[in-house]
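Student: Everything in the sequence shown is counted per this note's numbering, starting at 3 for the first residue and increasing by one.
For each residue, glycine too, the CB sits at the ideal point set by N, CA and C.
All of these numbers come straight from a predicted model, not from anything done at the bench.
Once you've had a glance at the structure underneath, I'll fire off some questions.
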Amino acid sequence: MQSQTTESVFTFIEAYIAQEGIAPSQREIAEACYLAPSAVLRHLDRLEAWGRIARLPNKARSIRLVITPDPN
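Spelled out as structure tokens, the structure:
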């Protein structure tokens with residue numbers, strides 16, 4: 003089950019990348035979604051486990067959206 007907050011984090015990341023051309027920092031996500039930085043990390047872990055984002059370990063702004071093919 004997807005949480006509303008996790009979905010909000012994903013929506014923010016998606017919009018930020020579309021507007022800025024780079025991924026947001028964890029601090030920017032925390033400020034925009036009114037979360038503690040540790041909570042952001044949990045939501046990013048969850049999004050990565052669900053296959054919605056990918057990240058490079060120990061690299062800032064490494065979030066990228068994972069595009070899944072349309073089943074139709």
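1. Assuming residue 79 is part of the alpha helix (DSSP H), what are its boundary residues?
2. Thinking residue 66 and residue 34 are a contact (beta carbons under 8 Å), I'd like their distance in whole angstroms, please.
3. DSSP on residue 46, reduced to helix/strand/coil?
4. Among 57, 61, 53, which one has its Cα closest to the Cα of residue 69?
5. CB residue 42 to CB residue 28, shorter than 9 Å?
Tutor: Taking the definition as stated:
1. The structure shown does not extend to residue 79, since the chain is modelled only from 3 to 74, so the question has no answer here.
2. No, residue 66 and residue 34 are not in contact; Cβ-Cβ is about 18 Å, not under 8 Å.
3. Residue 46 falls in the helix class under three-state DSSP.
4. Answer by Cα proximity: 53.
5. A contact, by the Cβ cut-off of 9 Å.
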